[in-house]
Amino acid sequence: MIYWKIFLAFFIPGILGYGGGPASIPLIENEVVDRYGWLTVNEFSEVLALANALPGPIATKMAGYIGFQQAGFLGATVAIFATVGPSLILMLGLLGILMKHKDSPRVKRMTTLIRPVIAVLLGVMTYDFFFSAYEGVGIWQTLFLGVGSYILMEKMKVHPAYVIAGALVYGAVVLS
């Protein structure tokens, strides 16, 4: 029965919390503090502070922690699935509709118009990353990592995961 309660405690905020973690935090608090009494307000605020301090989505980190606290590893798994479940279901539904109408002129026009926007957003992000790296470690380190990554991935066909791991090791050894 505890798994069902954990599922409901995080699935309902996932459905109603349009806008991501910040929008669903009050809903999660209502479920875990007021409805089920798993945490006090003070404990909830500490969990929220911890979730904010770590990288990644706030709601899933809170769900994993609270689910684990209530029912161990399986409780954490249920809570995380319940948190991402509504978005997953909607995305699968929308993907199904998109695939059903993929030959539609409107859908083709939409995807044709979206691609340049995504390319521009990725370009702006790359520009921002490059200049923040340049300011942080200098031009030579930035160029070395950028050119080295390009050569490894494009010319030598090294998997990106290995390039990222290598860059992390390089940063830890050389740049620390």
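The opening residue of the sequence shown carries number 0 in numbering that gives the first Met the number 0; numbering runs sequentially from there.
Glycine included, every Cβ here is placed at the ideal spot set by N, Cα and C.
Discussion item. Quick check: the Cα distance between residue 124 and residue 130, rounded to an integer number of angstroms?
Written reply: 10 Å
Discussion item. Helix, strand or coil for residue 92? Go by DSSP, reduced to three states.
Written reply: helix
Item to complete: Count the other CB atoms, across all protein chains shown, that sit within 10 Å of the CB of residue 63; report buried if there are 16 or more and exposed otherwise.
Response: buried
Worksheet entry | Inter-stretch contact (C-beta, 8 Å, three-pair minimum) for the segment 24-41 and the segment 103-119 | The segment 24-41 vs the segment 103-119: no contact.
Practice prompt. Taking 8 Å as the cut-off, decide whether the C-beta atoms of residue 11 and residue 69 are in contact.
Written response: No. Outside cutoff.
Worksheet entry | Cα-Cα separation between residue 75 and residue 65, rounded to whole angstroms | 7 Å
Worksheet item: Can you check whether the CB of residue 46 is closer than 8 Å to the CB of residue 61?
Response: Contact: yes.
Worksheet entry | Exposure label - residue 160; buried when at least 16 CB within 10 Å | By the neighbour-count rule (16 or more Cβ atoms within 10 Å), residue 160 is not buried but exposed.
Item to complete: State yes or no: is the C-beta of residue 28 within less than 8 Å of the C-beta of residue 43?
Response: yes
Worksheet item: Taking Cβ to Cβ, would you say residue 118 is nearer than 8 Å to residue 9?
Response: no
Worksheet item: Could you check where the alpha helix (DSSP H) with residue 131 kicks off and where it finishes?
Response: Residues 104-136.
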